[in-house]
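To start, the structure under review is shown below, and the notes come after it.
So, in structure tokens, the structure goes:
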């Protein structure tokens, strides 16, 4: 094989990958359109939404608690180290609070839930697809998007902000615990720092991000679940893809939202 | 009556259905035979609108399925019941919830009436006291029967059976065959049974159709099948590897 052949093959491979990627975006858009179309009848089946809220929210709570606790604790240690010669330690509460509610709380919660729930949704729907359960629903005149996708996407959109509120509170508590017990900051100073630089717009921004992240995780899990082909191997591939896509899209959208929220909407 | 004309479907590089024509009369039990991979299940999925053909037409009574909107198609689907090859019971639900799902979704029935209907249909297929059991706890034969109870719960006019006896022992296969016959007599339904099990075919069929090369190559009554000299049909009945049908 000469250099020209190699270049042509390389070009074709990149082109095919690009078109596959475009096709995937198209299919996700169609799914989102269907979610919009069946949103009202899907939400009307409240018991399904509640069932999914329980699976997504309650099921992820302990994981979120543990990760948030240590996130707050590490933030306190890092802040103390970086402040040591430059910034007074009385600001430690402010720094932990703002970094947690704007960034760490929503993003880490989304990454944890994306890994746990995205995988679980993709595996469940993927197994249903390859065992003809999705076909069975359609044969029973029940739309699978209405019955399976809408409740999961809506539950993820509802539960991500709820979990983020828990994550924020527990991380701030973790930061307080480390600051008071190992760094030598008093409770009064820490709480004063929290109050001094607390802005509602920060909390709103973090929760708004969580809503978007919830939508991404629910949609990706359902999309890759429904796209599953073959047997157990296909389910494994779908699960991995759902987690990777959720995490990558969460980080990309975090950057976009940070720009929109803090450079345009809350710029002043 | 179901009238299928010129049904064509390509999956990847394989021409699965190639201008297939078939008429299914109201109230009859027709068995669609054919070697593995000849598109029997694909045909069944076209009849209930789970797959869209590349070309062709499917008429159910006066309704043309091809080109129908999802909402219209769902109205037609409510007249059908389908037993899937692996039963396709929903793992997350109990057997009772599986059987009652269509009733809860489509009819305004009280929970008491739903429970009554579910129990009745489970009894019709010989299952008692399994309403609260999860499908994973059932044997293969019980799963098929639960799937059948789910397929008949809405009193369908047409029941589609995809390989109803595959994976079952001969005794359980016979139980399923008798169920197919008894349901046909009790409910007066049209039944389309896809199988490659000749024992089952002889027991349940009013008429048989042989699918090969994407087309229906033979149709006839059970007696006509027994006495036919058609080489494709003969090879299939005798289960011989020698003949016009080449193993894939």
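Protein chains in written order, with our numbering: chain A, 4 to 271; chain B, 195 to 442. By construction, the Cβ of each residue, glycine as well, lies at the ideal position given by its N, Cα and C atoms. Please read all numbers here as calculations on a predicted model, not as lab measurements.
Bridge partner(s) assigned by DSSP for residue i
i	result
residue 258 of chain B	B:253
residue 224 of chain B	B:386 and B:401
residue 105 of chain A	Looking at the DSSP assignment, residue 105 of chain A forms no beta bridge with any residue, so it has no partner.
residue 197 of chain B	B:217 and B:253
residue 406 of chain B	B:409
residue 353 of chain B	B:275 and B:385
residue 368 of chain B	Answer is none; residue 368 of chain B lacks a bridge partner.
residue 205 of chain B	B:208
residue 196 of chain A	BP columns for residue 196 of chain A are empty, so no partner.
Residue i (DSSP reduced to helix, strand or coil)
i	result
residue 125 of chain A	helix
residue 321 of chain B	coil
residue 422 of chain B	coil
residue 217 of chain B	strand
residue 236 of chain B	helix
residue 415 of chain B	strand
residue 22 of chain A	helix
residue 100 of chain A	helix
residue 146 of chain A	coil
residue 312 of chain B	helix
residue 254 of chain A	helix
residue 302 of chain B	coil
residue 436 of chain B	coil
residue 230 of chain B	coil
residue 68 of chain A	helix
residue 395 of chain B	helix
residue 212 of chain A	helix
residue 89 of chain A	coil
residue 248 of chain B	coil
residue 291 of chain B	helix
residue 217 of chain A	helix
residue 361 of chain B	coil
residue 441 of chain B	coil
9 Å Cβ cutoff met for residue i and residue j
i	j	result
residue 124 of chain A	residue 224 of chain A	yes
residue 41 of chain A	residue 152 of chain A	yes
residue 108 of chain A	residue 209 of chain A	yes
residue 384 of chain B	residue 219 of chain B	yes
residue 388 of chain B	residue 357 of chain B	yes
residue 334 of chain B	residue 366 of chain B	yes
residue 38 of chain A	residue 156 of chain A	yes
residue 321 of chain B	residue 339 of chain B	yes
residue 199 of chain A	residue 78 of chain A	no
residue 347 of chain B	residue 261 of chain B	no
residue 316 of chain B	residue 290 of chain B	yes
residue 272 of chain B	residue 300 of chain B	yes
residue 400 of chain B	residue 412 of chain B	no
residue 233 of chain B	residue 211 of chain B	yes
residue 2 of chain A	residue 175 of chain A	Since the displayed chain A opens at 4 and closes at 271, residue 2 of chain A lies outside it and no answer follows.
residue 278 of chain B	residue 295 of chain B	no
residue 131 of chain A	residue 59 of chain A	no
residue 154 of chain A	residue 46 of chain A	yes
residue 415 of chain B	residue 402 of chain B	yes
residue 373 of chain B	residue 226 of chain B	no
residue 201 of chain B	residue 237 of chain B	yes
residue 67 of chain A	residue 170 of chain A	yes
residue 216 of chain A	residue 52 of chain A	no
residue 233 of chain A	residue 133 of chain A	yes
residue 219 of chain A	residue 249 of chain A	yes
residue 312 of chain B	residue 343 of chain B	yes
residue 192 of chain A	residue 95 of chain A	yes
Cross-chain neighbours of residue i in chain B, by beta carbon under 8 Å
i	result
residue 158 of chain A	In chain order: nothing, as chain B lies at least about 15 Å away.
residue 81 of chain A	Result: empty, since nearest Cβ-Cβ is about 43 Å, beyond 8 Å.
Residue-chain proximity (residue i, chain D), Cβ-Cβ < 9 Å
i	result
residue 203 of chain B	Included in the structure are the protein chains A and B, with no chain D among them.
Partner residues on chain B for residue i, Cβ-Cβ distance less than 7 Å
i	result
residue 144 of chain A	268, 271, 272 and 300
residue 139 of chain A	278 and 282
residue 134 of chain A	280 and 282
Listed by chain order, chain A residues near residue i by CB distance under 9 Å
i	result
residue 296 of chain B	143, 144 and 145
Listed by chain order, chain A residues near residue i by CB distance under 8 Å
i	result
residue 244 of chain B	138, 141 and 142
residue 264 of chain B	146
Residue i Cβ short of 8 Å to the ligand MG heavy atom set
i	result
residue 185 of chain A	Only the bare structure without any ligand can be found here, which leaves the ligand MG out of the picture.
**OP:** List in chain order: all unbroken alpha helix (DSSP H) runs of 4+ residues lying wholly within the stretch 324–350 of chain B.
**Re:** 334–346
Original post:
Enumerated in chain order, which unbroken segments of the alpha helix (DSSP H) with a length of 4 residues or greater are wholly contained in the stretch 152–189 of chain A?
Top reply: 153–181
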